[in-house]
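Novice:
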Amino acid sequence: MSQPVGYKRSRPRFEDVSLGVAARSRTHLPAAELSNWLRGVGSVLVPASNVSITIAAGTTKTLRYRVKPIGTAVVRVWVIWARASAVTGASSLSVAAPTGATLTARGVVGTTEALQPVTLVEPLTAKSAAEQEISIDLRVVAGGASVLVQNVMCYEMPRRELLRDSTDGGIARETLLSREPIYDEDFVSLGGIMQAASNIDSRRRVTLFARSWPDNITDALSTTSGAALGTNLLTTLPVPMLARKRYIGDVVGAVSPRYYVRAPVGTSMEIRCANGATVVDVTHAGTGAFAWVTSSADINVDCELMTASDGRQGAAWDELIFSWRRSAGLGTCYLANVSALDLTT
Amino acid sequence: MATSEHLAFVAGNETSLVNLAGDTATISDAVNNLLHLSDSAGRVIVCTADGAVSYPKKSSANTGAWFPVFSSGVFYPLLRDDGSAYPIRVRIGGRAGSATGSIFRIGVCPVGTAAFSMSGGTILPNVVQTATITSTTPAWLTTLLSTLVTLTAGQVGAALTEVSTYDAVSSATPVGVLVCPCTIEVWTRDLVPADDTPVVAGVYAAEYVGI
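Protein sequence lines, in the order shown, are assigned to chains E and Y. Just add 1199 to wherever you are in the first sequence, counting from 1, and you've got the working numbering. Just add 303 to wherever you are in the second sequence, counting from 1, and you've got the working numbering.
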């Protein structure tokens, strides 16, 4: 039996399921194929995100991101958009993922050329659906020209075929062909479809926004300001945000902010995520080391309006504004990542 | 367009057949749920809100040509049952090089086609363009002709290619998957040769299937 992941989605016809008439087989098979496609196509873990750092020769910078994969991926792809500060052949950028892994060298062309993609394929050693940190090292060859890294993206490669197990949730397509008996069992027949379709966990978690700075006190964003929240902004522009439409009647969805920060022992910092007049603040007590702040409460944003051509409610964008300040103590506060995740099941 | 009957997930559907062999209402809701989960499986491809990116300054005078400013890097768009790509909701943030004005374009382009799509005289369905922007203060631009770009089945079909990956953790046996490698591109054009270059400060692109 096989559980292939199609290169495009299928479309079971709900019109074929009519009151008083048994659902027809051509509904069942496309439904199983759609379920396999849904679970097998990869997610974008880090949307192409601004970095804009210049890395000097012989220097390594590490970027960290907060993500929640769906759990079926076995390969990630990192795409770095970069340009050297000198002519072609003058430099190379070595990449490793996760941080500390073996660096792989990639050539980078010079300043008069357009930016170019540098790609790293990261095979995974385990499937995971847990919220977690993923990271990447960027190192410029010693003696080479410095390299401008403009943006970074990371996504999961699609699967070719799923397994019939609780992790992959693949459905054997042969069990849904015409004249096959109906079984109420896991990963086969109509029972497999019912199991997949009833589980909103099969919805892919989404990273809506991610912005990282290198995880050191020289390159990370820093502040000693105690100015009121709302004035010291983390991004130049507000961040566009639309959550998924879930149940009938939903008009908003919850978004979970995440931060990677550092403050001295005895110093506290506050970070605000605002959507219009609604604000969610989080306080971090310094430990002297970088740490993820995951305790922030969720904030509601518009969910997609499926009857609008582009999903926006009232043709308006919901936008998040992030700001921060040192709220107590002395010393400098640092921030190396701000993210917004759609984690709702 | 959206494919589910209720345009949302129906809660409370049975998780198994419970000896009904698939009664009509149960199967109908199950199909609706799978369709809605797939309709809403679109991903955010690009989301930057604090960039200050312009094309490399040319030593010669600006000719008013289109120049690439931003690229997402290669990704594989989700494909619909008719072979077209999930539409992509887009937005550009930026500022003009001077008050005389600059124009911005954003598009989704199969690899190798960006120059054709982004700099042509005709605006294709996979590209949208702003009106002339004269503000020199960075802001999300509100004059896009549309907020959606799309790739037709023909464009996708011409770009489909098989790439290698693995299908199990720690596997040493590569397998092939069929994908349509694309990039999100932002190109700009300045109206005055002596101006500073226009700046892109934000880019947003997210897959979306609506009605």
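Where a beta carbon is used, it is the ideal one built from N, C-alpha and C, also for glycine.
1. Spell out whether any CB of chain E is found under 8 Å from the CB atom of R346(Y).
2. With a CB to CB cut of under 7 Å and the five nearest residues on each side skipped, what residues in its chain are close to D1517(E)?
3. So, at 7 Å on beta carbons, what are the nonlocal neighbours of S387(Y) in its own chain, with the 5 sequence-adjacent residues on each side left out?
4. Can you give the Cα-Cα distance for S422(Y) and R408(Y), rounded to whole angstroms?
5. Would you identify the three-state DSSP class for F419(Y), choosing helix, strand or coil?
6. Quick check on V334(Y): does DSSP put it in helix, strand or coil?
7. Give the interface partners of W443(Y) over in chain E, defined as CB-CB distance under 7 Å, in chain order.
8. Under 8 Å, Cβ to Cβ, is there at least one residue of chain E near D517(Y)?
9. In the DSSP assignment, find the unbroken alpha helix (DSSP H) run with L1244(E) in it and report its ends.
10. Write down the C-beta distance between G400(Y) and T318(Y) rounded to the nearest angstrom, noting that I regard them as a contact closer than 8 Å.
11. For the segment 476-483 of chain Y against the segment 1529-1541 of chain E, are there 3 or more C-beta pairs whose distance is under 8 Å?
12. Of the choices A1527(E), A1231(E), V1339(E), V1451(E), whose alpha-carbon is the least far from that of V1308(E)?
13. Please report whether the beta-carbon of R398(Y) lies at a distance below 8 Å from any beta-carbon of chain E.
14. What's the C-alpha gap between K1444(E) and N1249(E)?
15. Is there contact here, the segment 1357-1367 of chain E with the segment 1311-1324 of chain E, by at least three beta-carbon pairs under 8 Å?
16. Out of R394(Y), I406(Y), A344(Y), state which residue places its alpha-carbon closest to the alpha-carbon of L381(Y).
17. Counting C-beta neighbours from all protein chains within 10 Å, is the total for Q1331(E) 16 or more, i.e. buried, or is it exposed?
18. Chain Y partners of G1390(E), CB-CB under 8 Å?
19. For a cutoff of 8 Å on Cβ pairs, would you count I409(Y) as touching chain E?
20. Let me know if A1329(E) comes out buried or exposed under the rule of 16 or more other beta-carbons within 10 Å of its beta-carbon.
21. Mark G396(Y) as exposed unless 16 or more other C-beta atoms lie within 10 angstroms of its C-beta, in which case mark it buried.
22. State the Cα-Cα distance for the pair R394(Y) and Y507(Y), rounded to the nearest angstrom.
23. Tell whether a beta-carbon distance below 8 Å holds between R1525(E) and T1422(E).
24. Could you give the DSSP three-state label for R1359(E): helix, strand or coil?
25. Of all the CB atoms in chain E, is at least one closer than 8 Å to the CB of V478(Y)?
26. Distance cutoff 8 Å, beta carbons only. Does I436(Y) sit that close to anything in chain E?
27. What does C1532(E) pair with, by DSSP beta-bridge criteria?
28. Quick one: residues in its chain with C-beta nearer than 7 Å to the C-beta of A1283(E), no 5 flanking neighbours on either side, listed in chain order?
29. I'd like to check one pair, G1513(E) with P1463(E): are the Cβ atoms closer than 8 Å?
30. For chain Y, is any of its Cβ atoms less than 8 Å away from the one on P1203(E)?
31. By DSSP, does D1517(E) sit in helix, in strand, or in coil?
32. Leaving out five residues on either side along the sequence, give the residues of the same chain with a beta carbon under 6 Å from the beta carbon of L494(Y).
33. For K1260(E), I'd like the list of residues in its chain whose CB is within less than 7 Å of its CB, leaving aside the five on either flank, ordered along the chain.
34. Could you confirm whether any beta carbon from chain Y is found closer than 8 Å to the beta carbon of L1347(E)?
35. For the beta strand (DSSP E) containing A508(Y), name the first residue and the last one.
36. Give the DSSP bridge partners of S1260(E), in chain order.
Specialist: To lay it out plainly:
1. yes
2. M1440, L1441, N1474, V1500, D1501
3. The answer, listed in chain order, is T453, L454, T455, A456, V459.
4. 9 Å
5. helix
6. helix
7. L1436
8. Residue 517(Y) lies beyond the residue range present for chain Y, which begins at 304 and ends at 514; the question has no answer from this structure.
9. Boundaries around L1244(E) are those of the beta strand (DSSP E), 1243-1254, since no alpha helix (DSSP H) includes it.
10. Not confirmed; about 58 Å, so no contact.
11. no
12. V1339(E)
13. No - not a single Cβ of chain E is within 8 Å of the one on R398(Y).
14. 27 Å
15. no
16. It is A344(Y).
17. exposed
18. S319, L320
19. no
20. exposed
21. With a 10 Å radius around the Cβ and a threshold of 16 neighbouring Cβ atoms, G396(Y) comes out buried.
22. So the alpha carbons of these two residues sit roughly 5 Å apart.
23. Inclusion of R1525(E) and T1422(E) in the CB contact set at 8 Å is warranted, their separation being smaller than that value.
24. DSSP places R1359(E) in coil when its eight states are reduced to three.
25. Interface residue, yes.
26. no
27. T1422(E)
28. Closer than 7 Å at the Cβ level, and outside the excluded window around A1283(E), lie A1289, S1290, V1307, V1308, G1309, T1310, A1344, V1346.
29. No; because the gap between Cβ atoms is not below 8 Å, this pair is not in contact.
30. no
31. Looking at D1517(E) - three-state DSSP - the assignment turns out to be coil, as it is neither helix nor strand.
32. Only T403, G404 meet the Cβ criterion.
33. I1252, I1254, L1337, P1413, D1418
34. no
35. 502-510
36. Note on residue identity: the sequence assigns Lys, not Ser, to residue 1260(E). The partner list for K1260(E) (beta bridge, DSSP) reads L1337(E).
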